[in-house]
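> The structure under discussion is supplied below as structure tokens; questions concerning it will follow.
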Amino acid sequence: MDPEIPVLSVVDLGMITDVEVLEDEVRVKMIPTFAACPAVNYIQTNIKRALEERLEVPVSVTIDKSVNWSSSRMTAAAKEKLKNYGIAPPPKEQAADPLMLIAQEVPCPHCGSKQTYLRSPFGATLCRALHYCKECGQVFEQFKPLD
Amino acid sequence: MNTTAIKDLIIKMADDELILGHRNSEWTGLGPVMEEDIAFSSMAQDKIGHALALYQILHEQLDGVDPDRFAFLRAEKDFRSSHLVEMPNGEYDFSLMRHFLFDHAEAVRYESLAASAFEPLKSLAFKIKGELKYHTLHANAWVMQLSNANEESHARMQQALDNTIALAAGIFEPSEKWESDLISYEIYPGEQILFQRWIERISPILEQASLRLPDLKTVTPVYGGRKGYHTIYLQPLLTEMGEVYNLDAEASW
Chain A
976 MDPEIPVLSV VDLGMITDVE VLEDEVRVKM IPTFAACPAV NYIQTNIKRA
1026 LEERLEVPVS VTIDKSVNWS SSRMTAAAKE KLKNYGIAPP PKEQAADPLM
1076 LIAQEVPCPH CGSKQTYLRS PFGATLCRAL HYCKECGQVF EQFKPLD
Chain B
3 MNTTAIKDLI IKMADDELIL GHRNSEWTGL GPVMEEDIAF SSMAQDKIGH
53 ALALYQILHE QLDGVDPDRF AFLRAEKDFR SSHLVEMPNG EYDFSLMRHF
103 LFDHAEAVRY ESLAASAFEP LKSLAFKIKG ELKYHTLHAN AWVMQLSNAN
153 EESHARMQQA LDNTIALAAG IFEPSEKWES DLISYEIYPG EQILFQRWIE
203 RISPILEQAS LRLPDLKTVT PVYGGRKGYH TIYLQPLLTE MGEVYNLDAE
253 ASW
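Same order as they appear, the protein sequences are chains A and B. Here the first sequence is numbered in the numbering used here, starting from 976 and rising by one per residue. Here the second sequence is numbered in the numbering used here, starting from 3 and rising by one per residue.
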């Protein structure tokens, strides 16, 4: 699970790039969402511990340098879970300029209104931006699109 | 291709990120509004993370030392940061203008590096250039808002630009020894080209903000940082930044 968005798993987020099952060992490769994500080592250790408890074999979890995360790696189910958790998901289509997607009207996860505006591209974590809904008067967060 | 040239390029980029990351973090708790407090803190986190990723390339691909030791145990003269990033935060207008000028400079640099012949840098640049769009979006929005707000805020932003431009031009101090090697091996296009692209990038935004870019012929870029000559502000920053680490450099965290 993501320590900062506890409804999403690392698979939901598209953070796992490869799993290799060997005779007496499992090797997992993963990537962070944003390069400077401070939770990476924590997540790495959690994956290792969770798998070792279940599988009872040694597990290695390494960072995959060959793949970069983008918001299109997130599954449709993950986006639904995000929305229900109160965070607007990144939009489906990847425009040439992702800034247009974040700056335009993002549907409010609370009331569904599109009468919203971007308040700041930086939120509580590196992967989230702050928006304001003019309809229900609430500040809400969006998982930032990344190409 | 000799690796010394690539190391030189990576060290100056990473040191700029680390030092400006530290300066940005000094806004934590002091931002003029809460969103700005969060924004500068988030950008600090990004910058220090990017510095770490670059130090890791040195460590893993180019026989460098451990990133923490490299960041915290080096002498001041071994840093290659530009004078721009070393300057104290001053008031919000200076910090904002520095953020605007630096992040656009970074954006053109990483966009160019996404085509680098040095694979580790190419891959990292591709990731960072996507993240930087949020930094430049933030900078553009505030520069435009404040410059177009009222007479006082416009005057202060113009003053901040006039005071900062020579320092910012110093980001593009070419390497004395390695510039032509780095260009001919297509590691990056060179400081002169990056400087041109940067001017092309910031000019239309400054125009929209009704700010006047000083005549570049009258601007003498502030060089020296890339050769290890620093402002009086760097050593106190390094002392503070490494204070805990240096209590016991062998401790494990």
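Ideal Cβ positions, reconstructed from N, Cα and C, are used throughout, including at glycine. Just so you know, these numbers come straight off a predicted model, no measurement behind them.
Compute the distance between the beta-carbons of Val1042 of chain A and Ile1018 of chain A, then report whether it is under 7 Å.
no
> For Asp17 of chain B, which residues of its own chain have a beta-carbon under 6 Å away from its beta-carbon, when the five flanking residues on both sides are left out?
Phe81, Arg82, Ser83
> Please state if the CB of Gly244 of chain B and the CB of Ala1010 of chain A are separated by a distance shorter than 7 Å.
no
> Can you give the Cα-Cα distance for Leu1057 of chain A and Thr241 of chain B, rounded to whole angstroms?
42 Å
> Per the DSSP calculation, Lys129 of chain B is bridged to which residue(s)?
The partner list for Lys129 of chain B (beta bridge, DSSP) is empty, contrary to what the question assumes.
> Does His995 of chain A come out as helix, strand or coil in the three-state DSSP assignment?
According to the sequence as given, residue 995 of chain A is Glu; it is not His. Correct three-state label for Glu995 of chain A: strand.
> I'd like to confirm the pairing. Which residues does DSSP put opposite Glu1116 of chain A in its beta bridges?
DSSP output for Glu1116 of chain A lists A:Ile1062, A:Leu1105 as bridge partner(s).
> Give the single residue among A:Met976, A:Leu983, A:Tyr1060, A:Pro981 whose Cα lies nearest to the Cα of Thr1124 of chain A.
Outside the displayed range of chain A (976 to 1122) lies residue 1124 of chain A, so it cannot be described from this structure.
> Given that a residue counts as buried once 16 or more other Cβ atoms are within 10 Å of its Cβ, and exposed if not, what is Met89 of chain B?
buried
> Going by CA-CA distance only, name the one from B:Glu188, B:Glu209, B:Gly172 that's closest to Phe197 of chain B.
B:Gly172
> Check whether the Cβ atoms of Pro1096 of chain A and Leu98 of chain B lie closer than 7 Å to each other.
no
> Of all Cβ atoms in chain B, is any one closer than 7 Å to the Cβ of Ala1011 of chain A?
Yes, Ala1011 of chain A counts as interfacial toward chain B.
> For the stretch 115-149 of chain B, which residues have a beta carbon sitting closer than 9 Å to at least one beta carbon of chain A?
Pro122, Ser125, Leu126, Phe128, Lys129, Ile130, Gly132, Glu133, Lys135, Tyr136, His137, Thr138, Leu139, His140, Ala143
> Count the other CB atoms within 10 Å of the CB of Val1003 of chain A; is the residue buried (16 or more) or exposed (fewer)?
buried
> Can you list, in chain order, the residues of its chain whose CB lies under 8 Å from that of Ser118 of chain B, leaving out five sequence neighbours each side?
Lys124, Ala127, Glu188, Ile189, Tyr190
> Going by C-alpha distance, which of A:Val982, A:Thr1008, A:Lys1067 is nearest Gly989 of chain A?
Among A:Val982, A:Thr1008, A:Lys1067, the Cα nearest to that of Gly989 of chain A belongs to A:Thr1008.
> Among B:Thr5, B:Glu178, B:Tyr247, which one has its Cα closest to the Cα of Glu121 of chain B?
B:Thr5
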